[in-house]
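Chains U and E, in that order, give the protein sequences.
With full-length UniProt numbering, the residue at position 12 of the first sequence is 12, and numbering never jumps.
With full-length UniProt numbering, the residue at position 589 of the second sequence is 589, and numbering never jumps.
Glycine is no exception: its CB is placed at the ideal position from the N, C-alpha and C atoms.
Computed from a predicted structure; not experimentally measured.
Input: a single structure, listed below in structure tokens.
Protein chains: 2
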Amino acid sequence: MKSLKYLTSVLAICSATGALANADLQSQIDNPAQWAIQTGDYENQRYSELAQINADNVGDMQVAWTFSTGVLRGHEGSPLVVGDVMYVHTPFPNTVYALDLTQEGKIIWKYEPKQDPNVIPVMCCDTVNRGVAYADGKIFLHQADTTVVALDANTGEALWSVKNGDPSKGETNTATVMPVKDKVIVGISGGEFGVRGSVTAYNMEDGSLAWRAYSMGPDSDILFDPDTTTHLGQPVGADSGTNTWEGDQWMIGGGTTWGWYSYDAEADLIYYGTGNPSTWNPAQRPGDNRWSMTIMARDPDDGMAKWVYQMTPHDEWDYDGINEMILTDQEIDGAIRPLLTHFDRNGLAYTLDRVTGELILAEKFDPAVNWTTGVDMDPNSETYGRPAVVAAYSTEQNGEDVNSTGICPAALGSKDQQPASYSPKTELFYVPTNHVCMDYEPFRVSYTAGQPYVGATLAMYPAPDSHGGMGNFIAWDNIAGEIKWSIPEQFSVWSGALATAGDVVFYGTLEGYLKAVSADTGEELYRFKTPSGIIGNVMTYEQAGKQYVAVLSGVGGWAGIGLAAGLTNPNDGLGAVGGYSALSDYTALGGQLTVFTLPD
Amino acid sequence: MKSLKYLTSVLAICSATGALANADLQSQIDNPAQWAIQTGDYENQRYSELAQINADNVGDMQVAWTFSTGVLRGHEGSPLVVGDVMYVHTPFPNTVYALDLTQEGKIIWKYEPKQDPNVIPVMCCDTVNRGVAYADGKIFLHQADTTVVALDANTGEALWSVKNGDPSKGETNTATVMPVKDKVIVGISGGEFGVRGSVTAYNMEDGSLAWRAYSMGPDSDILFDPDTTTHLGQPVGADSGTNTWEGDQWMIGGGTTWGWYSYDAEADLIYYGTGNPSTWNPAQRPGDNRWSMTIMARDPDDGMAKWVYQMTPHDEWDYDGINEMILTDQEIDGAIRPLLTHFDRNGLAYTLDRVTGELILAEKFDPAVNWTTGVDMDPNSETYGRPAVVAAYSTEQNGEDVNSTGICPAALGSKDQQPASYSPKTELFYVPTNHVCMDYEPFRVSYTAGQPYVGATLAMYPAPDSHGGMGNFIAWDNIAGEIKWSIPEQFSVWSGALATAGDVVFYGTLEGYLKAVSADTGEELYRFKTPSGIIGNVMTYEQAGKQYVAVLSGVGGWAGIGLAAGLTNPNDGLGAVGGYSALSDYTALGGQLTVFTLPD
Ligand SMILES: O=C(O)c1cc(C(=O)O)c2c(n1)C(=O)C(=O)c1cc(C(=O)O)[nH]c1-2
Ligand SMILES: O=C(O)c1cc(C(=O)O)c2c(n1)C(=O)C(=O)c1cc(C(=O)O)[nH]c1-2
């Protein structure tokens, strides 16, 4: 009875969101011919109802047309499709193209921001950008230099722009924008520069500031109500954003917000996670370092936090908690529950009740994970909700200037920003994962605005005693807490997944393959070698009655930083260069869109 | 009886070349599964015997795999295929990749020369390179900075390198290298910087200099024998390379050699053309300016010139004579003649006897051509072999600082470097052409080494009163002197053509389309939008029993210089920016290889 249950829950979400979400955007999202938001929908399911391309015929898929973006380095995110227009963005300098789908991608307009290239060296993990957003006839671009700009979707004309941060202090942007109601929600990057993370809402109409919620600091900065904001069911109490920090360290505390955002219109809550506390040397910041590494549920109108959950108190490994929150309505013990599923960098997959913040499940989604024995699930325990740290892999306990070896996962996590997908038909999550471990040696650093504030030397390598590769593409059951199937990959899967009603799941590989696999079994049904390594997210749309699948190629991101920035020293690129050096045997820099379809 | 005649002539050429040409390279060329030389063969026919992809099934063609070169700007030339290895080059910085065709392009080795970027501003017409050469287990690369390097084809290791010119004087390179016997023949660019052109032969074994032949200067510099070197059947006489110049102007006389080279093993002659005399202001260089704008036939062993033919004496329009010389054996008046066919920038297609240098035919291959009424074909005339110049379009007669308008073709000619193809089956030449006219205003300049030495302001636009586009792709009969069919194109066709035994002709467009047309009728059979504008040359090969067609995308070259170099002032890019400004509505910079094949 899965399909009936699924239908009911889809209807429930759609009718609700229609009422409360941005009405224009919601109606564009509801049309499966389009891809109107980076995340596929507000729920971040990245699931498409299109089924013309399906498990039976995907093997016949062909390239329909292609488009070079004119920019090299890492291409994250995906195009949007609204009407007959496709919006394609690039990494720095963040060019945006509007392409006419009725004319194989003829360029309708091009927007080329002028940005100071000095922003490049303060971007930790390549010059990526996770894409533009659409709402109310506007395209929203959040540039590397933190300029948020609203463009007329028809002409590309800039309607307003606002500066969200200051690159001279290490504040940059790589994330997309989430339009909700009459606002756009934006994050900030810079955890490796001691930036204090925040989420900001600007009014869609004119770019004026609506609210800003920091990740740490006084209650008035973090928009927490000591009495009504809860953590694991309990009010957080006063000063929760400062009282787990020593002195003023919270002011340079990290907890940046460079990941994905979701929205539940019925609960009227937005969800996102915060990044690592600064520095990477845990000895320099005693305490739990709240609210870094935290899932946040906030009211989009005023930013007030309803509930929060800190996954990795006092991080010792750079396990930023920013990965996407996927919203689903699924049955548990006979009742349909409003769930939030999150695959964290720390290697644990969390299932929570997204309305109450109740922790339902926390299980390893990569068997290699060894830094923790698991999360205390006993609500009556002192350590309820906390992961038990294995001493041997505690970089804090091993101490400064000591190289802790064999920690799994590596700093880039069992999964990084590359978003998973959910199929309501199978009730499975399709997760691009990393299968990488590390050595980690913390050292003392001092803070200078705009300078790296890292404090650890890293080396990364494939998970030992496994298949030798650095990634897996897995199907995850978020209620059983189990891997259903797992496809070994030579490199981390740094591309976002797409599941469709055609029972196919798509993802890209760092070597540059677009792959289509069976949603049920993971069996490979199709592969195609695109021009460059894929770290973009696969999307689909329909145009003139034909379904298309599209993906950006362009190797880079943290995993591909060696190629992207021309680094060869193994410890460079925050430790990623060595582990991924073999990538240069497979691919070179690029920046291309490849669009697939079935033969006529 | 075309096919029988054709077979005979192919056999004649093959057996002859087998004896005298570089034996290894000739045997690689003779294997139609390979593409062992940029020009397809020594004859520059760019014809393939492969027929698995043919006029009946080319419409089903699909993209097999793709490869990003990691470099932007104009990608001219094509990959080579020798054995199971494909060699791909890029524009500046002239990276070379060896790709494993048994593993969808896995990178076997990569050669990345370190070049001073100061060479970029002294390249007149984008940072293009027309590809590497192969012979005797070596790959030959002629870099932008004029370094000629021999690489071990198996490992990419540099075996020797030699500097052919000096970029600080404006000497650069864009051309491929032609291996002949135990030498490699190389040219030089820089006609817009007052470089005195030359052709140089280096010994393949160690890179030592064998000979150098300048385009102008004393007989000992130009390797002319006053008594045996002929022009239109007559000995050239003493000092022919200086006595049509005023004073020392020949020392900065241009006549560069950046085009294509062919070789006839039976006649043991190499053929190439020389470029425009410097400056573009004709008033500054009275006289015929020999031997700029000249077809040269030289002995590859010592460089001595056997015969020459100056097509455009005293150039007034920048009609460089460097386009390829296509060698064919065809019947004229009942006898098989050794022919040389050349489509010149000046809009005239020439058919000559390649052994004697006899001028057989000179006809306009674009009806728009208006600067000349035609070539005097009367051997007894004073002006035998000279084009009659129309006064209204003579920038010399109109004078300095006068804008001569409506001249057809524009400076980039009715055809530029983009090479034509010849099918022995149809006995037709398939020619990518420009359909562009210009205004040209010469002005006085003074020479400074390494500085532009141009002396004219240009504007370019589509040929008036025609189809509105800037190009045609035509089929040419070189014996009748007639266009057989013509396909109008919106932009100049800046890609090289490929004809195959499958009765298909391939070419690329500046918008980025690869097109396949019927060799007989020109009817379009297939088109595919590649990532970026195509100025590369289409090639084909067979691997594991399957035929593939491949082409480099990457808009640029002179026509695409606006996009490539980010210029927007219409008169910039030596006048090309304005005419081609609409290109930015279709494509953006790229650098990709697209490989096509039939479905399994
Ligand atoms: O702490 C931060 O502010 C921050 C920012 C970013 C970013 O903006 O891309 C990354 C990270 N951290 C990070 O830890 C990380 O693993 C990472 C991977 C990537 C990527 O796009 O491949 N970005 C980032
Ligand atoms: O005079 C010269 O030395 C010289 C060099 C080159 C070159 O090397 O690319 C071009 C030209 N001239 C030229 O006139 C021209 O039209 C041209 C087109 C192109 C091209 O690759 O698109 N190169 C050149």
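{"Query": "Interface flag, D600(E) vs chain U, CB-CB below 8 Å", "Result": "no"}
{"Query": "Short Cβ contact (8 Å threshold) for A144(E) with L151(E)", "Result": "no"}
{"Query": "Start and end residues, alpha helix (DSSP H) containing Q38(U)", "Result": "Careful: Q38(U) lies outside any alpha helix (DSSP H) and carries neither H nor E."}
{"Query": "Residues that DSSP places opposite F429(U) in a beta bridge", "Result": "Y422(U), W476(U)"}
{"Query": "Segment contact, 8 Å Cβ cut-off, at least three pairs: the segment 386-399 of chain U with the segment 506-520 of chain U", "Result": "no"}
{"Query": "Local conformation of residue 602(U) per DSSP, three classes", "Result": "There is no way to answer for residue 602(U), as the model of chain U reaches only from 1 to 600."}
{"Query": "The segment 168-178 of chain U touching the segment 254-272 of chain U, judged by at least three CB pairs closer than 8 Å", "Result": "yes"}
{"Query": "E192(E) Cβ short of 7 Å to ligand 2 heavy atom set", "Result": "yes"}
{"Query": "Closest residue to A36(U) among A411(U), Q28(U), W558(U) (Cα-Cα distance)", "Result": "Q28(U)"}
{"Query": "N54(U) versus V63(U) - alpha carbon distance", "Result": "16 Å"}
{"Query": "Proximity test, Cβ basis, 8 Å: T530(E) and chain U", "Result": "yes"}
{"Query": "Heavy atom of ligand 2 within 7 Å of C408(E) beta-carbon", "Result": "no"}
{"Query": "is_contact[T597(U), chain E] using C-beta, thresh 8 Å", "Result": "no"}
{"Query": "Coarse secondary structure for A582(E), derived from DSSP in three states", "Result": "helix"}
{"Query": "Local conformation of Y214(E) per DSSP, three classes", "Result": "strand"}
{"Query": "Residue-level contact to chain E via CB, S78(U), 8 Å cutoff", "Result": "no"}
{"Query": "Simplified DSSP assignment, three categories, for G471(E)", "Result": "strand"}
{"Query": "Alpha-carbon to alpha-carbon, I534(E) and A475(E)", "Result": "20 Å"}
{"Query": "Coarse secondary structure for V538(E), derived from DSSP in three states", "Result": "coil"}
{"Query": "Contact between the segment 298-309 of chain U and the segment 338-358 of chain U (3+ Cβ pairs under 8 Å)", "Result": "yes"}
{"Query": "Near ligand 2: T174(E) beta-carbon under 7 Å from a heavy atom", "Result": "yes"}
{"Query": "Candidates P424(U), A480(U), N44(U), N403(U): closest to G360(U) by CA position", "Result": "Before going on, a small fix: residue 360(U) reads as Ile here, not Gly. Looking at the Cα atoms, A480(U) is the closest of the given residues."}
{"Query": "Whole-angstrom distance between A265(E) and A19(E), CA atom to CA atom", "Result": "Summary for A19(E): the model assigns pLDDT 43, below 50, so the residue's position carries little reliability; its value from the coordinates is reported in the next sentence. Between A19(E) and A265(E), the C-alpha separation is close to 8 Å."}
{"Query": "Cutoff 6 Å; reference G508(U); Cβ partners in own chain excluding five residues on either side", "Result": "S495, L514, I534, V551"}
{"Query": "Where N434(E) falls: helix, strand or coil (DSSP)", "Result": "strand"}
{"Query": "Limits of the unbroken alpha helix (DSSP H) element including D221(U)", "Result": "219-222"}
{"Query": "Straight-line Cα distance separating D116(E) from G194(E)", "Result": "21 Å"}
{"Query": "Interface flag, G70(U) vs chain E, CB-CB below 8 Å", "Result": "yes"}
{"Query": "Cβ-Cβ distance between A213(U) and G303(U) below 8 Å", "Result": "yes"}
{"Query": "Buried or exposed by the 16-neighbour rule on C-beta atoms within 10 Å, applied to T209(E)", "Result": "The residue you asked about is not Thr; residue 209(E) is Leu in the sequence shown. L209(E) should be labelled exposed."}
{"Query": "Separation of D366(E) from D84(E), as counted between CA atoms", "Result": "41 Å"}
{"Query": "Within chain U, the residues that F67(E) reaches when beta carbons sit closer than 7 Å", "Result": "P531"}
{"Query": "Any chain U beta carbon closer than 8 Å to L525(E)", "Result": "no"}
{"Query": "Close beta carbons around Y586(U), own chain, < 6 Å, minus the five adjacent residues each side", "Result": "E511"}
{"Query": "Chain U contact residues for D572(E), given Cβ-Cβ distances below 7 Å", "Result": "None at all; the shortest Cβ gap to chain U is about 18 Å."}
{"Query": "Ligand 2 heavy atom lying under 7 Å from the CB of T256(E)", "Result": "yes"}
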